[in-house]
Ligand code: F6P
């Protein structure tokens, strides 16, 4: 069999670990030819496809990014994009495609599956907001980055008696903010699922001061929003999947806190630091397990599925189940985080 593999959407630590596992098991155990597709769905549109061998995947396990490159290309928004994909599938004699991505990349995989492409999905996003799996790889690394940043910010916040606002990624879901905030001992965590009240936040900060704690750490997901207000965006432009570029909530909150309380406040936007660099051991293992499971599904000719983690078991779920709706933070977890607010 000839199996193509691609990485689409925002990059994420652990992508190379999946590519390595698919290639290794595909070649060594199943006797397949593995073909790397460059830059997500764009590579299938442009025919940028090349063979992967054991040497091309040697040494990539700890490396962040993706040796295949990525893009946010939506073939359904490119002129004859889908037609070109199917003609390259034929030209390169590709029997199946493993698509590693989040809701956008896997959404395309689902639509192409419906048109006859034999496809298996692997869930990737630091945001951890895909349904059908308890965890996406990359999330654990992002949470570790946030926790380390909060440890560092604690000492400088305490020294200067400041409020530190930390903006983290998380478009529809506040997983990184909640778990990173819990791990790093944040005093307030703001997430898209539960719109916040600035008066309440300021009251919590002032109450903490009265208690003798002269600094506060506030973590805000980029998609968090105040009650009765809309998302804060950087531009009004949308990408090929209709997403606006978020960012700015941290600055807005810091400005308001300083104005309303008179306390010296600073902002740190962690941005793409959360997505770059080496994956944690957890993410390397999860990504490896996903890669092995994905190539085994191809071997068994089971398509239209996404691999996932349920408890500690690797499972296969229909792509539509994974895409039905984003997996968001539930009230129970957020209530637990709130125990440590203020
Ligand atoms: O992968 C999802 C994500 O991490 C979102 O949280 C964030 O809004 C987005 O990527 C930013 O990605 P980029 O800067 O690559 O467009």
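Numbering (my numbering), first residue to last: 2 to 343. We treat Cβ as the ideally placed atom computed from N, Cα and C, and that holds for glycine. Values in this document were obtained by computation on a predicted structure and should not be read as measured data.
Test item: CB-CB of residue i and residue j under 7 Å
i: residue 99; j: residue 6; result: yes
i: residue 46; j: residue 86; result: yes
i: residue 111; j: residue 13; result: no
i: residue 210; j: residue 343; result: no
i: residue 19; j: residue 101; result: yes
i: residue 149; j: residue 175; result: no
i: residue 222; j: residue 166; result: no
i: residue 338; j: residue 183; result: yes
i: residue 105; j: residue 10; result: yes
i: residue 144; j: residue 169; result: no
i: residue 316; j: residue 97; result: no
i: residue 135; j: residue 303; result: no
With 16 other Cβ atoms within 10 Å as the buried cut-off, status of residue i
i: residue 1; result: Residue coverage of the chain in this structure runs from 2 to 343, which leaves residue 1 outside it and unanswerable.
i: residue 224; result: buried
i: residue 313; result: exposed
i: residue 76; result: buried
i: residue 340; result: exposed
i: residue 325; result: exposed
i: residue 160; result: exposed
i: residue 187; result: buried
i: residue 152; result: exposed
Reference residue i; option with closest CA among the options
i: residue 322; options: 313, 331, 309 and 315; result: 309
i: residue 203; options: 302, 193 and 189; result: 189
i: residue 330; options: 76, 117, 318 and 179; result: 179
i: residue 54; options: 25, 73, 68 and 71; result: 25
i: residue 268; options: 276, 302, 298 and 219; result: 219
i: residue 157; options: 40, 252, 266 and 133; result: 266
i: residue 82; options: 132, 336 and 42; result: 42
i: residue 115; options: 334, 173 and 305; result: 305
i: residue 207; options: 245, 152 and 264; result: 264
i: residue 164; options: 262, 138, 317 and 271; result: 262
i: residue 92; options: 63, 51 and 135; result: 51
i: residue 38; options: 59, 4 and 56; result: 4
i: residue 287; options: 44, 246, 32 and 63; result: 63
i: residue 33; options: 301, 334 and 336; result: 301
i: residue 107; options: 293, 137 and 258; result: 137
i: residue 229; options: 199, 216 and 240; result: 199
i: residue 140; options: 177, 272 and 245; result: 177
Nonlocal neighbours in the same chain, by C-beta distance under 7 Å from residue i, ignoring five residues either side
i: residue 295; result: 23, 99, 121, 123 and 308
i: residue 68; result: 17, 20 and 61
i: residue 319; result: 305 and 306
i: residue 154; result: 165, 167, 218 and 269
i: residue 78; result: 241
Close Cβ partners of residue i (< 6 Å) along its chain, the five nearest in sequence each way excluded
i: residue 142; result: 14, 280, 281 and 284
i: residue 66; result: 12
i: residue 8; result: 16, 67, 69, 71 and 101
i: residue 277; result: 65
Own chain partners of residue i with C-beta closer than 8 Å, once the 5 adjacent residues on each side are dropped
i: residue 327; result: 104, 130, 131, 132, 173 and 174
i: residue 226; result: 193, 196, 197, 232, 233 and 250
i: residue 247; result: 172, 223, 224, 232, 233, 234 and 235
Any contact between the segment 276-294 and the segment 228-246? By contact I mean 3 or more CB pairs, one from each, below 8 Å.
no
Quick one: any contact between the segment 26-35 and the segment 66-79, if contact means 3 or more CB pairs under 8 Å?
no
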